[in-house]
Ligand code: S3P
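Numbering (the working numbering), first residue to last: 422 to 590.
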């Protein structure tokens, strides 16, 4: 069985949906940000603050490579995982990539506080999310085998849809 990679913007529900999907499918869940933080012994925000975004992206790419080569899992990625072509290739080659897509209006309501998300500290969350989605949309589309709307239903409903797509694939 291949990996099930969940991609999408901050607030798109990757972690909440991933937890449910892993439970439904009896697979283990890997949260890529947690994996990086645990290995490093500090939070993503701390790492970002002390060493900058590129250092975080290098560690993120190493984590994708490691996870892709490991035992099968549902993987909740960080929103910027699609920024590197190598990550897109590794995810697509090792499983099914599902894009949880939602509008910035929905995303900004969900990530209101921005706690633990350094990119949101760079301006008004709604404006930041608009700009990030515009810059990344093509990459999410290129990475994804399947696109699921995560802006309207509950996490349970979205998880059911992901599970159904996985089972059909
Ligand atoms: C990021 C999203 C975050 C985290 C980091 C960068 C991004 O993960 O990886 O703050 O570039 O969109 P979530 O999508 O889980 O919030």
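The C-beta atom is built at its ideal place from N, Cα and C for all residues, glycine as well.
Assuming residue i and residue j are in contact, meaning their beta carbons sit under 8 Å apart, how far apart are those beta carbons, in whole angstroms?
i           : j           : result
residue 561 : residue 520 : 5 Å
residue 423 : residue 493 : 6 Å
residue 453 : residue 484 : 5 Å
residue 503 : residue 481 : Actually they do not touch by this definition, with Cβ atoms about 11 Å apart.
Identify whether residue i lies in helix, strand or coil by the three-state DSSP scheme.
i           : result
residue 439 : helix
residue 522 : strand
residue 532 : coil
residue 492 : coil
residue 555 : helix
residue 565 : coil
residue 588 : helix
residue 543 : helix
Are there any heavy atoms of the ligand S3P lying less than 8 Å away from the beta-carbon of residue i, as far as the coordinates show?
i           : result
residue 588 : no
residue 529 : no
residue 540 : yes
residue 532 : yes
residue 524 : no
residue 433 : yes
residue 577 : no
residue 453 : yes
residue 585 : no
residue 498 : yes
residue 461 : no
residue 426 : no
residue 504 : yes
residue 571 : no
residue 470 : no
residue 553 : yes
residue 465 : yes
For residue i, list the residues DSSP reports as bridge partners.
i           : result
residue 570 : 522
residue 517 : 425
residue 497 : 427 and 452
(message) Which complete alpha helix (DSSP H) runs does the region 425-489 hold, if anything under 4 residues is left out?
(response) 435-446, 453-461 and 465-472
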